[in-house]
Ligand SMILES: [Zn+2]
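Numbering (the working numbering), first residue to last: 3 to 416.
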């Protein structure tokens, strides 16, 4: 199958992009007959966006409890609701809704961490998206398993789904160093090594967590995780809000990728992650939305804009976080962390989006990265292609039934 995208704006001029099967075959002036042609006049092409930390099925918890401190929000609202309502059907519908929302805002790949990942796997498979699905691992009982059964549940998920779909990779999601014992974390490390899996974990989201780890171990969280041999370049650490200089140095040395979730951190008033310091130290920084209960959407364009603005104002320096760097965080940095051979280049996987520029707020255009970060919204994404398959065209998602999913989502939370 060959797809020609003609007249799209790439690197400041109109060009064509030829896709053959799942890869980009050519860029430039391309003639000849092709199986399918997309006329992308007034549209710009961008490499697919990656959300490196979310809890997908939490789309169904959007707006359930806002304007509360994290502990109260989690202990009195989110966890009790999850205990009562979470089941495979709930997670399947929530994941379908999440995929729909991500496709309609230009996200082509994401890193999930939640429960009943088998239900999420089926939703992602239907959507055609790329995903890394981490089975959530905690020491205490969850809606999915009893205390002490987390590793066994994760093993079952991995064995069932490893290698089943080229675009969807099972992964491991130990919740955090304060909710998993060192034995659990070491078991996760061993499983990751054995099966070559990625790991997603929350690290130092709040000051209180850091205090608890210091009381328990005598070390700060990143120092403790390093001491037990947990860290490596297969780890994506969400939040990393409360780090000292030594912890930043360890993250760099171990090749850990950081998922910056600033909207969630701002909404829960957790703090401002020292991202500019981490960038200066050479840590690989990516962007994530976190779950919809603390964001409250999955729009990575919002994430890019707030990342740029937050670090400018918190450093009182408008030169911090330039647009180009922020776009890299949402694309190439994430590809590096997840070993994805993506980008707008010949031979790379055809994961790309078209942005409709024929809009008042995107006219005129001097600099594409500036538009992506400061002016565009997820709803400006017109077309989404993953692995050479058109998943959305003219804002119509081809793989999912939008009407049906919206109705199901309203129905299931009644
Ligand atoms: Zn999270």
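Think of the CB as a built atom: it goes at the ideal place given N, C-alpha and C, for glycine as much as any other residue.
- Taking the Cβ of residue 380 as the reference point, every heavy atom of ligand 1 lies at 7 Å or farther away.
- For residue 9, the three-state secondary structure derived from DSSP is strand.
- Taking C-beta separations shorter than 6 Å and ignoring five residues to either side along the sequence, the partners of residue 98 in its chain run 125 and 407, following chain order.
- In this structure, the CA atom of residue 333 is about 37 Å from the CA atom of residue 150.
- At least one heavy atom of ligand 1 sits closer than 7 Å to the Cβ of residue 240.
- The residue among 416, 399, 413 and 405 with its C-alpha nearest the C-alpha of residue 109 is 399.
- In terms of side-chain proximity, the C-beta atom of residue 57 is found nearer than 7 Å to a non-hydrogen atom of ligand 1.
- Residue 381 is a Cβ neighbour of residue 107, given a cutoff of 8 Å.
- Annotation for residue 114: the continuous beta strand (DSSP E) segment containing it runs 109-116.
- When the five nearest sequence neighbours on each side are left out, the beta carbons in the same chain lying within less than 6 Å of the beta carbon of residue 200 are those of 134, 173 and 236, in order along the chain.
- Three or more Cβ pairs closer than 8 Å define a contact, and the region 311-328 falls short of that threshold against the region 70-86.
- The region 82-96 and the region 58-71 touch, with no fewer than 3 CB-CB distances between them shorter than 8 Å.
- About 6 Å separates the beta carbons of residue 222 and residue 249, which is inside the 8 Å limit, making them a contact pair.
- With a threshold of 7 Å, the Cβ atom of residue 293 counts as near ligand 1, since some heavy atom of the ligand is closer than that.
- In the structure shown, residue 132 falls within a strand segment according to DSSP collapsed to helix, strand and coil.
- With contacts defined by Cβ atoms closer than 8 Å, residue 231 and residue 26 do not form a contacting pair.
- In this structure, ligand 1 has no non-hydrogen atom nearer than 7 Å to the beta-carbon of residue 180.
- For residue 298, there is no enclosing beta strand (DSSP E), since its DSSP letter is neither H nor E.
- Apart from the 5 residues on each side of it in sequence, residue 178 sits with its Cβ closer than 8 Å to the Cβ of 203, 204, 205, 207 and 211 in its chain, given in chain order.
- Remark: C-beta atoms of residue 225 and residue 188 do not approach each other more closely than 8 Å.
- In this structure, residue 204 has its beta carbon less than 7 Å from a heavy atom of ligand 1.
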